[in-house]
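Engineer:
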Amino acid sequence: MDIVISNSSEKPIYEQITTQIKDAIIKGVLKEAEILPSIRSLAKELKISVITTKRAYDELEREGFISIVPGKGTFVAAQNKDLLRESRIRIVEEKLIEAVEAAKSIGLSFDELLEMLKLLFEEDD
Amino acid sequence: MLNLVIKDILVQKKIFIASILYIIFFVIAFQSLGMGMYTAAIVAIVYLMVSGGFAYDDKSKSDIMLNSLPIKRENIVMSKYISLFVYIAIGTIAYIVVTFVISLLNTPIKTYPVTIELIVSAVIAVSLMHSISFPLIFKLGYVKSKAFNMIFFLSFFFGAPLLIDFVSKANSEVTTAVWTFLKNQSDVAIVFELLVLSLVFLSISYGISVRLYKKREF
Amino acid sequence: MTAILEIKNLRKEYKDFSLKDINLTLEKGFIMGFIGPNGAGKSTTIKLILNLVNKDGGEINIFGKDNIAFEKEVKNRIGFVLDEGYYYEEITVREMKSIIAHFYDRWDEGAFKKYAKDFGLPIEKKIRELSKGMKMKFSLAIALSHDAELLIMDEPTSGLDPVVRSELLDILSDLMQDENKGVFFSTHITSDLDKIADYITFINNGEIIFSTTKDDIMDNFGVVKGPKELIRNNGSNGFIGIRENQYGFEALVQNKEEFRKLYGDIAVIEKPTLEDIMVYYTRRGIYA
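Protein chains in written order, with the numbering used here: chain S, 28 to 152; chain Z, 57 to 274; chain A, 78 to 365.
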């Protein structure tokens, strides 16, 4: 599992961790019941505070992605892949609604919006 | 706590060689004192070694390190008092060695063997002297009390004979009473009483030193 | 859970400086950075913790025990690294170590040998022959060789090059894998703490300005830069350490989300470093 933290990003570090771990789980890079590093060894490897890693793990546990078993370790929880994917798709939908509303408010046409979307999609590659 | 005494000796590495050299010097310098040469030499050596130890502590500011370790301040103080006796022992051994060597060679230098009375006299002199200088050092630190202590040492050293002279010539009731008391005692008893007195002095001095050192800030 | 270090209402008065109402708590398992400009009172606080100076009021509890009533017991479980070694210069590293080792109940010679090897300590050299960095490593080796639970460090890295500083941080990271230990680290070189600290306590002029998690600070504080009119029109409330130049102003804010809502479109907001925070607070500007 690879986790890369950016200190200069606007996103809080714990969020960067939760996002990357969630992605890894959804994509299957992290498999069910796979063991994750302890909050302390993760903090040491990433050179960040243990409070940050604890916060990330707590949130991941709250959202059902991982389970922390005292004395044993932290494991990837059994995931309902479809539910997960659906919730992520919902997020994409929400963001698209935002983009559409913003576009309409300045009078951008559907085609112009589509063109922008195409460019942005290709940019990442 | 013994470690602190060892520490004082360890940091003054050349202490043993120095003591041999000091003794040679004092034996020659104090020829006129007769038996007193031993006592005078011991008092001088102990003063030098004690000062050396304190000077070292002061230079490296080791008080800060020592007081951050799990050591009671009482023990730091106690180690200095104990070191007095250790230095007396070292000086005495050096004296025995040096006088033995000198006696083998055929020189005009006169030496006197060590006796119990001489050792006790050295203990008394050292105790009295440092009973007064130690509390000052513990309160102010070595450097600040150096001037006073040096003057005190010198006056003690040279003034003691004068003091004894003065007392023996004085004529008050107290001195007469003391003299009568002393005349009725054997030498051994007198020496014993003086020893007890100086050890009492030393204990009082220790109590004061501890009180002062505990309040000290670094 | 007992705190590993707890300071309550600590006071110390000197002629022209005083420490007032110092309150801070460090739970075990965490590193607390103690930051502040020179002369702020960091060393005084640490000296009070180690009972090198006498307090004028307040309490200091270490492992739940009063630091003076249980002085020897508490100090046995503390490892310290001060800004200088205060060692005897004329003896060797080994001799100095032997003197010190005797005073700790739980001295671990094996651990010391390992650290000496890892750090490359020249055991047979005299203390005065060691570089500043080596002396600090020596202090650290000793501090880590008697099973200490609390590590107290007073400006351990001042005067050291970045490589040694980074090595120290790695060692502290390793140490913190044990959740029963704690580190109290005072420094004015805050870049050391930007990454590794869990909590940050900021002291200035003898007073604690804030004591909180580093995340809290990084997430909430912000360095803002914007047009001068912003200050003119809205007053300087809430801005810390304002500095104006020809083209605008810059300042620190405590709640960057709130600021963003009000002025996000005309000002720039950036993540602060601990150094920024220290500088803006101590700049003779306007406090909130």
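From the three backbone atoms N, C-alpha and C, an ideal C-beta is built for every residue, glycine too.
Exposed or buried, S:Q106, counting other C-beta atoms within 10 Å across all chains shown (16 or more means buried)?
Structural biologist: Buried: at least 16 other Cβ atoms inside 10 Å.
Engineer: Going by beta-carbon coordinates alone, are A:L351 and A:D271 separated by less than 8 Å?
Structural biologist: Closer than 8 Å, so yes.
Engineer: Let me know the secondary structure DSSP gives Z:M93 once reduced to three states.
Structural biologist: In the structure shown, Z:M93 sits in a helix (DSSP, three-state: H, G or I).
Engineer: Give me the Cβ distance between A:W184 and A:S222, rounded to the nearest whole Å; I'm assuming they're in contact under 8 Å.
Structural biologist: Their Cβ separation, rounded to whole angstroms, is 7 Å, which keeps A:W184 and A:S222 in contact under 8 Å.
Engineer: Which of the residues in the region 253-279 of chain A, read from start to end, lie with their CB under 9 Å from any CB of chain S?
Structural biologist: Here the close residues are M253, Q254, D255, E256, D271, K272, I273, A274, D275, Y276.
Engineer: So, does the CB of A:K203 fall closer than 8 Å to a CB anywhere in chain Z?
Structural biologist: Closer than 8 Å: no.
Engineer: For the region 158-185 of chain Z, which residues have a CB atom closer than 7 Å to at least one CB atom of chain A, in sequence order?
Structural biologist: Cβ contacts with chain A: none found.
Engineer: Would you say Z:I71 reaches chain A, if we count a Cβ-Cβ gap shorter than 8 Å as a contact?
Structural biologist: Output row for Z:I71: interface = no.
Engineer: Provide the residue span of the alpha helix (DSSP H) that contains Z:V142, from first to last.
Structural biologist: That run of the alpha helix (DSSP H) goes 129-160.
Engineer: Which whole-angstrom value describes the C-beta separation of A:I123 and A:I229, a residue pair presumed to lie in contact below a C-beta threshold of 8 Å?
Structural biologist: Sure, about 6 Å apart at Cβ, within 8 Å.
Engineer: Excluding sequence positions up to five away, which residues of its chain have a Cβ less than 8 Å from the Cβ of Z:D114?
Structural biologist: Counting only Cβ-Cβ distances below 8 Å, and skipping sequence neighbours, we find G197, Y198, V199.
Engineer: Spatial neighbours of A:F249 within its chain, please: CB distance less than 7 Å, with the 5 preceding and 5 following residues excluded, ordered by chain position.
Structural biologist: It should be pointed out that residue 249 of chain A corresponds to Leu in this sequence rather than to Phe. Closer than 7 Å at the Cβ level, and outside the excluded window around A:L249, lie I108, V260, I273.
Engineer: So the beta strand (DSSP E) Z:D119 belongs to, where does it begin and stop?
Structural biologist: Taken as a continuous stretch (DSSP letters only), Z:D119 belongs to no beta strand (DSSP E), being part of the alpha helix (DSSP H) at 118-124.
Engineer: At a Cβ cut of 9 Å, what residues of the region 101-119 of chain A count as close to chain Z, listed as they run along the chain?
Structural biologist: Answer set for the region 101-119 of chain A: empty.
Engineer: DSSP on S:V31, reduced to helix/strand/coil?
Structural biologist: It is coil, neither helix nor strand.
Engineer: Determine the chain S residues that contact A:S250 at a beta-carbon separation under 8 Å, and present them in chain order.
Structural biologist: The contacting residues are A70, K71, K74.
Engineer: Quick one: list the residues of chain Z neighbouring A:E244, beta-carbon separation under 9 Å, in chain order.
Structural biologist: Under the 9 Å cutoff, chain Z gives no residues; its nearest Cβ is about 23 Å from A:E244.
Engineer: Is it right to say Z:V252 is buried, meaning 16 or more other beta carbons lie within 10 angstroms of its own, or is it exposed?
Structural biologist: The residue is exposed, with fewer than 16 neighbouring Cβ atoms inside 10 Å.
Engineer: Helix, strand or coil: which one does DSSP assign to Z:K69?
Structural biologist: Coil at Z:K69, not helix or strand.
Engineer: Judging by CA-CA distance, which residue of A:K214, A:K202, A:I354 is the nearest neighbour of A:F316?
Structural biologist: Ranking the options by Cα distance to A:F316, first place goes to A:I354.
Engineer: As a quick exercise: from A:I168, A:F326, A:G210, A:E306, pick the residue whose alpha carbon is nearest that of A:V241.
Structural biologist: The option with the nearest alpha carbon to A:V241 is A:G210.
Engineer: For the alpha helix (DSSP H) holding A:V240, just list the boundary residues, first then last.
Structural biologist: Note, A:V240: alpha helix (DSSP H), 239-252.
Engineer: If I measure Cβ to Cβ from Z:L60 and keep anything under 6 Å in the same chain, skipping five residues before and after, which residues do I get?
Structural biologist: So the qualifying residues of the chain are S135.
Engineer: What in chain A is Cβ-close to Z:F274, meaning under 8 Å?
Structural biologist: Per Cβ cutoff of 8 Å: K124, L129, V130.
Engineer: Comparing C-alpha positions only, which one of A:K302, A:F298, A:L339, A:F326 sits nearest to A:K333?
Structural biologist: Considering only alpha carbons, the answer is A:F298.
Engineer: Beta-carbon of S:V96 versus every beta-carbon of chain A: anything under 8 Å?
Structural biologist: No, no contact with chain A.
Engineer: The alpha helix (DSSP H) with A:D271 in it runs from where to where?
Structural biologist: Here the alpha helix (DSSP H) through A:D271 covers 268-273.
Engineer: Hey, out of A:E150, A:T234, A:N100, whose CA is closest to A:D160's CA?
Structural biologist: Nearest option by C-alpha distance: A:T234.
Engineer: When Cβ atoms are compared, which residues of the region 46-67 of chain S fall closer than 9 Å to chain A?
Structural biologist: Answer in chain order: S65, R67.
Engineer: Can you find a CB in chain Z that lies within less than 8 Å of the CB of A:Y181?
Structural biologist: So, interface residue.
Engineer: Should A:T435 go down as buried or exposed, given a rule of 16 or more other Cβ atoms within 10 Å for buried?
Structural biologist: Given that chain A is displayed from residue 78 to residue 365, the structure contains no residue 435 of chain A and the question cannot be resolved.
Engineer: At 7 Å on the CB atoms, spell out the chain S contacts of A:K291, in chain order.
Structural biologist: Residues of chain S passing the Cβ test: S76.
Engineer: With 8 Å set as the bound, which would you pick, yes or no: does the beta-carbon of A:I363 sit closer than that to a beta-carbon of chain Z?
Structural biologist: Note on A:I363: pLDDT 47, under 50, position unreliable in the model; no value is reported.
Engineer: From S:V96 to S:F102, what distance separates their C-alpha atoms?
Structural biologist: The straight-line gap from Cα to Cα measures roughly 8 Å.
Engineer: So, do the region 105-120 of chain Z and the region 121-137 of chain S have three or more beta carbon pairs nearer to each other than 8 Å?
Structural biologist: Taking 8 Å as the limit for Cβ pairs, the verdict is that the region 121-137 of chain S does not touch the region 105-120 of chain Z.
Engineer: Can we say the region 63-74 of chain Z touches the region 162-170 of chain A, given the rule of at least three CB pairs closer than 8 Å?
Structural biologist: Result yes; three or more Cβ-Cβ pairs closer than 8 Å.
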